[in-house]
Amino acid sequence: MPDLPGLPDLPGLPGLPRGAGLRGGGAPDLPGAAGPAGAVGAVADGAGSGVPLGPPLHVAGPEGPWEEVHDQLADRGHVLVHTTWGQWLAAALLDPGLRDLLGRDWPRYRQTAAPAGRLRFAASRMVLKHTAAAALHLPADALDLAYRPGGRPQLRGLAGVEVSLAHTDELIVVAVSRTGPIGVDAEPVTRRPSFDLLHPYVCTPAEAAGLAALPEDDRTARLLHLWTLKEAYTKALGHGMRRRFAAFGFSRDEQGRTVLLDEPAGAPRWILATHLVHDRYLVSVAHRPLRPVETASRPAAHPLEETRLPPAATLGWPLPGSSGAQPT
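Position one of the sequence shown corresponds to residue 1 (full-length UniProt numbering), numbered consecutively onward.
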C-alpha cells in the first residue's frame, strides 16, 4: 500500500493500518479496541513535545463520575470527554436551572425550531460546562461560555483555559486544556466523503497523490481520518472551516509520528491523535502545548475562584447543568 504522508500505518482503519478492512456496517476492525458502548481505542497517536493525548473519558451524565476528569487535567494539562446527547436528555428536559446554566446561549436554544436540535444544543453546552467545571473545580453555572469570531467557544474570565466542542449524530466530545490551544473533531466511520469532490480543498498535492493510489475503501477511510485531523487543527487555531485544508499538510517525524508539516524550528510542536469511540466514531484532537503542566493537585486559582463559590466537588451535581461563523 502506498505511503501517505502524515498518516501512520496503525491498527484500526484502512489507510491508518495496512491490510485491515471494514467490518459490516462500516465499523473499523481495530484489534484490542472493539467492545461495549463507550469503549475507546487509539487508532493514531502523533506527538511532538508535551504530554501525549490520551483517549477520551466516558461520562454518562451530569452526575459523573468526574474525579478522573479533574485528575487528568491536573496531571496532563488537558482532558477529553465523550458522551451521547441521549445520556444527557433527561437532564436537559428536567433541569429547572437550565436557563441559568446556558446563560448567553439561552436565546439560541429558544430560537432553535426543531425539538431534537434544541435538545442536542442544550446537551452539548451542558456537557461542555460540566466538563470544564469538573476539571477546574468550579460550579458549572458560574462558567460564562462565549464565542470568539468564527465560533470558537471560550470561557470568559478564565485566562489560559481553552475548550473545544464537537458533536455528530449521537456523539458529543469536549476538550479542555490549560496548557495551550486544543481542538477536537468527530465523524462517523460510516461517512463516505467523496475524494473526487473534496481532495482539491482538503489535501495537499502529496496527500492527494497518496490517496489516489489507494483502493477506494482505503482511500475513503483515510480521507475521513485526514479530514478530522485537519478540522481539529483548524478549530484549535480558531479558524474552523475558514482556513482551506489544502493549504497545510502533515508529515512524519523521525519516530514515524504524525506532525504538522513545516513547523518552525524550535517552536512548540502540535500533538495530534485520533481515537475510535463507541466502535462507531473517529475522534481527532490537536493540541499545542505552550505552557508546562502544573503538577499541583489542582490548577492555580482562577478569577472565578476568588468569589468564594464552593468547589464543584461539593455540589453533588444534582442536575445539569463545527466550525464556521456560528458556534457549533
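For each residue, glycine too, the CB sits at the ideal point set by N, CA and C. Note that the coordinates shown come from a computational prediction; the quantities given were computed from them, not determined experimentally.
For residue i and residue j, which I take to be in contact (beta-carbon distance under 8 Å), what is that distance rounded to the nearest angstrom?
| i | j | result |
| --- | --- | --- |
| PRO115 | ALA91 | About 16 Å separates the two Cβ atoms, so there is no contact after all. |
| HIS82 | PRO56 | 4 Å |
| PHE245 | VAL202 | 5 Å |
| residue 364 | ALA232 | Outside the shown range of the chain (1 to 328) lies residue 364, about which nothing can therefore be said. |
| HIS199 | LEU211 | 7 Å |
May I ask you to list the residues that DSSP assigns as paired with residue i?
| i | result |
| --- | --- |
| PHE245 | None, per the DSSP bridge assignment. |
| SER251 | VAL259 |
| ASP185 | SER284 |
| THR168 | LEU171 |
| LEU214 | DSSP output for LEU214 lists no bridge partner at all. |
| ALA142 | Partner(s): none; ALA142 has no beta bridge. |
| PRO292 | According to DSSP, which records beta bridges pairwise, PRO292 is partnered with nothing at all. |
| VAL161 | DSSP lists no partner for VAL161. |
| PRO153 | TYR147 |
| SER177 | HIS78 and GLU162 |
Grab me the residues of residue i's own chain with a C-beta within less than 7 Å of its C-beta, minus the 5 sequence neighbours each way, in chain order.
| i | result |
| --- | --- |
| ASP100 | ASP141 |
| ARG192 | THR220 |
| SER177 | GLY77, HIS78, GLU162 and HIS287 |
| LEU143 | LYS129, ALA132, ALA133 and LEU155 |
Any C-beta of chain C sitting closer than 9 Å to the C-beta of residue i?
| i | result |
| --- | --- |
| ARG148 | You won't find chain C in this structure, because it holds only one protein chain. |
Who are the near neighbours of residue i in its chain, counting only those whose CB is closer than 6 Å to its CB and skipping five residues on each side?
| i | result |
| --- | --- |
| HIS167 | SER124 |
| VAL174 | VAL81, VAL127, LEU128, THR131 and LEU165 |
| LEU93 | none |
| PHE121 | TYR109 and THR112 |
| ARG243 | THR234 |
| residue 349 | Residue numbering for the chain in the displayed model covers 1 to 328; residue 349 lies beyond these limits and cannot be assessed. |
Leaving out the 5 sequence neighbours to the left and right, which residues in its chain are closer than 8 Å to residue i when beta-carbon positions are compared?
| i | result |
| --- | --- |
| residue 329 | Residue 329 lies beyond the stretch modelled for the chain, which goes from 1 to 328, so this question has no answer here. |
| THR228 | ASP185, ALA186, GLU187, THR274, LEU282, VAL283 and SER284 |
| LEU119 | TRP85, LEU89, ALA92 and LEU93 |
Is residue i buried or exposed, if buried means 16 or more other CB atoms sit within 10 Å of its CB?
| i | result |
| --- | --- |
| ASP196 | exposed |
| GLN72 | buried |
| ARG110 | exposed |
| ASP218 | buried |
| ARG152 | buried |
| ALA208 | buried |
| ARG222 | buried |
| GLY238 | buried |
Say yes only if the C-beta of residue i is nearer than 8 Å to one or more non-hydrogen atoms of the ligand HEM, and no if none qualify.
| i | result |
| --- | --- |
| LEU290 | What this structure holds is no ligand at all, so the ligand HEM is not there to describe. |
List, from N- to C-terminal side, the alpha helix (DSSP H) runs of 4 residues or more that fit wholly inside the region 56–131. Annotation note: the region 56–131 contains the following uninterrupted alpha helix (DSSP H) runs of length 4 or greater, listed N- to C-terminal: 67–76, 89–94, 98–102 and 106–111.
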